[in-house]
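In terms of the working numbering, the sequence shown has 1452 at position 68, counting the first letter as 1, and numbering is strictly consecutive.
From the three backbone atoms N, C-alpha and C, an ideal C-beta is built for every residue, glycine too.
Note that this is a predicted model, so its numbers are computed, not measured.
Below you'll find the structure, written out as structure tokens, and then a few comments.
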Amino acid sequence: FFFFFFFQAEDGIRDVERSRGLGDVYKRQGKMFANVEIKPEQSEEVVGRVVEMVEKMEMFDGCCISSFNHKFLETARKLAGNKIELGYLYDADKFHKLPSIDYISSHGNTANICFLDVNLELSKKLHEKGMGLMAWITGEIPKEEEWYQKMLDADVDVLCVNYPNHLIDYLKKTH
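Right under this line is the structure:
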């Protein structure tokens, strides 16, 4: 297992010298993998600033930019080419279905999908396309340990949780 740092570009990229933003953490932490989520309500300018910082910090090998705004991913691809990993964020709700695997694979290197929509069949299809799968869990969930096991059984590559100590305790008990 490895630790996965998750940064949200909610207020743009903060001043690296005075903040616990992405640059500050990366400088202090050394080699790590970071997922930078750019919120859909941000301006496209933030995408450029994130790519610029990733390049400046020489983080292309250890970073994924993700967003629910898939135009942001297209912009990041234009700016960084294939040097940057992109994460397609999707949350299917009662009005939408998960798009086709071909659509998802054309918008990123990883599919970052709400745990409620993740299963072994989806995982296999994404892996066949050479994509990674991150299942994300928001808030507290009932029967949390059952969901952790379902995600492990679904062969997800990364599990993003709000309470990592709960997941660590579960893994210690079961593995």
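When we look at the beta-carbon of residue i and count the other beta-carbons within 10 Å, is it buried (16 or more) or exposed?
| i | result |
| --- | --- |
| N1546 | exposed |
| I1552 | exposed |
| Y1487 | exposed |
| Q1426 | buried |
| E1436 | exposed |
For residue i, collect the residues of the same chain with a Cβ closer than 6 Å to its Cβ; drop the 5 residues on either side in sequence, then sort them by chain order.
| i | result |
| --- | --- |
| I1424 | Rather than Ile, the amino acid found at residue 1424 in this sequence is Pro. Same-chain partners within the cutoff: F1452 and N1453. |
| D1541 | G1516 and L1517 |
Below 8 Å CB to CB, which residues in the same chain sit around residue i once its five sequence neighbours on both sides are set aside?
| i | result |
| --- | --- |
| K1455 | E1428 |
| F1479 | Residue placement at F1479 cannot be trusted, given a pLDDT of 46 that sits under 50; the coordinates are not used to answer. |
Quickly, what does DSSP pair residue i with across the bridge? List them, please.
| i | result |
| --- | --- |
| Y1547 | Beta-bridge pairing links Y1547 to no other residue. |
| Y1474 | I1497 |
| E1469 | C1448 |
Any idea what DSSP makes of residue i, helix, strand or coil?
| i | result |
| --- | --- |
| G1516 | strand |
| E1428 | helix |
| V1540 | coil |
| V1502 | coil |
| E1421 | strand |
| K1462 | helix |
| T1558 | helix |
| E1442 | coil |
| K1481 | coil |
| I1488 | helix |
| V1552 | Rather than Val, the amino acid found at residue 1552 in this sequence is Ile. Note: I1552 maps to helix in three-state DSSP. |
| E1528 | helix |
Please go through the same chain and pick out, in chain order, the residues whose beta-carbon is closer than 7 Å to the beta-carbon of residue i, but skip the five residues on each side of it.
| i | result |
| --- | --- |
| E1529 | Y1554 |
| M1515 | S1489, N1493, T1494 and A1495 |
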